[in-house]
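Here is the structure we will look at.
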Amino acid sequence: MSAADVTRFAPSPTGRLHLGHALAALFAAREAGPRGSFLLRIEDIDPGRCREAFVEGIFADLRWLGLDWPEPVWRQSRRLSAYAEALDALRAQGLLYPCFCSRAEIAREIAASASAPQGPDGPLYPGTCRALPRDEARRRIAAGQPHAWRLDVAKALAGAPPLAWRDRDAGIRAAAPEIFGDAVLARRDAPASYHLAVTVDDAAQGITCVTRGADLADATHLHRLLQHLLGLPTPEYRFHPLLADAEGRRLAKRDGAPALADLRAAGVSRAEVLARIGWAA
Ligand code: GLU
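Reading the sequence shown from the start, the letters are residues 852 to 1132 in this note's numbering.
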């Protein structure tokens, strides 16, 4: 925590919050401290997975935890023009290319290739559409073929100085954005990827310390490059450990991690929830 940090908790309304979210939200609020600001942002750009019904639940759960935040709460679904502008800026630098590959085509290509390097988000894209002649790409776009937009990371790095960021626990970290390969910045089915939207919004909201789970720490490599390419400031970072269940497995909704709302309904107190996540208030 430094003098007056601005931090945020940025859940996606794809389900009800569980204990892991409670830890993430409290961690962000603590990093802001009494003199800083703690913001809430709803990351709802994935139309296939986000449900409006979960948004009210998020507000109620966080209030129950004792958190408060300024209004209005930003919603990524209302920020699409900002993401489109960022994409235009990258396109104007010649750093994006349209990718027409389906998931199945990418998987086939990877299976057929001798090496399949892995990145933090899964196997790296083999680069199939990078070599597509411009005319053909234009023709396919004009014909209405679904496509994503990918970052040509080698080209982006060729023009960039060495990049780094400060992790408040681990110190200065050198950025290695190439570990993501040619990341998707605009999806076929959503106007921006997580990586683009979160980087643009953290800058637009003046976030000075980005907090998130240790499982997402590697995303910073790519976010740092996007900040450079878009002329955005670089916040500091702090990562919290992930909660594990009794067997030491990471707590996740899909494995039946209890929802905060259910705990509350069962009469579990806030103090008990804090104890269960090992939170010393
Ligand atoms: N919206 C993301 C999620 O729910 C987290 C945002 C972030 O901290 O980068 O997992």
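Yeah, the Cβ is synthetic: ideal placement off N, Cα and C, and Gly gets one too.
At least 7 Å separates the beta-carbon of I896 from that of L868.
For a cut-off of 8 Å, the C-beta gap from L1083 to T1050 is around 7 Å, short enough to register as a contact. Per DSSP, the beta-bridge partners of H1091 are G1064.
Rounded to the nearest whole angstrom, the CA to CA distance from A1043 to P885 is 33 Å.
With a cutoff of 7 Å on beta-carbon distance, A1026 and L1036 are scored as not near each other. Using a C-beta cut-off of 8 Å, the region 944-956 makes contact with the region 973-991, since at least three inter-stretch Cβ pairs fall below that distance. By the CB criterion at 7 Å, L891 and W920 fall inside the cutoff. With a contact defined as Cβ atoms closer than 8 Å, A940 and L1047 miss out at about 11 Å. Note: A999 is bridge-paired with C950 in the DSSP secondary-structure output. Taking all protein chains in view, the Cβ of I893 is crowded by 16 or more other Cβ atoms within 10 Å, so the residue is classified as buried. With contacts defined as CB atoms closer than 7 Å, V1061 and P1028 fail to qualify as a contacting pair. Contact annotation: A879 and T858 have beta-carbon atoms nearer than 7 Å.
Inter-residue distance for G973 and R926 is about 27 Å (C-alpha atoms, whole angstroms).
W915 carries a helical assignment under DSSP once its states are collapsed to helix, strand and coil.
Taking 6 Å as the cut-off, one finds at least one heavy atom of ligand 1 near enough to the beta carbon of S863. Taken through DSSP and simplified to helix, strand or coil, I961 comes out as helix. When distances are taken from the beta-carbon of E1087 to the heavy atoms of ligand 1, even the shortest one reaches 6 Å or more. Remark: C-beta atoms of P864 and C901 approach each other more closely than 7 Å.
Remark: the C-beta of E882 is outside contact range of ligand 1, defined as less than 6 Å to any heavy atom. Distances taken from the Cβ of E894 to the heavy atoms of ligand 1 include one shorter than 6 Å. The beta carbon of A1041 lies closer than 6 Å to those of I896, D897 in the same chain, with the five residues before and after it left out. Cβ neighbours of W1016 within its own chain (closer than 7 Å, five residues either side excluded): R1024, A1026, T1071, R1075, T1085, Y1088.
The DSSP-derived three-state label of G908 is helix. Spatial neighbours of Q944 in its own chain (CB-CB distance under 6 Å, excluding positions within 5 residues in sequence) are not present. Taking E960 as the centre and dropping the five residues before and after it, the same chain places the C-beta of C952, P977, T979 closer than 8 Å to its C-beta, in chain order.
Here R930 is not bridged, per DSSP, to any residue.
Buried is the label assigned to Q1078, since at least 16 other Cβ atoms lie within 10 Å of its Cβ. Residue side-chain check: V1049 places its Cβ nearer than 6 Å to a non-hydrogen atom of ligand 1. Under DSSP, I1058 takes part in no beta bridge, so it has no partner.
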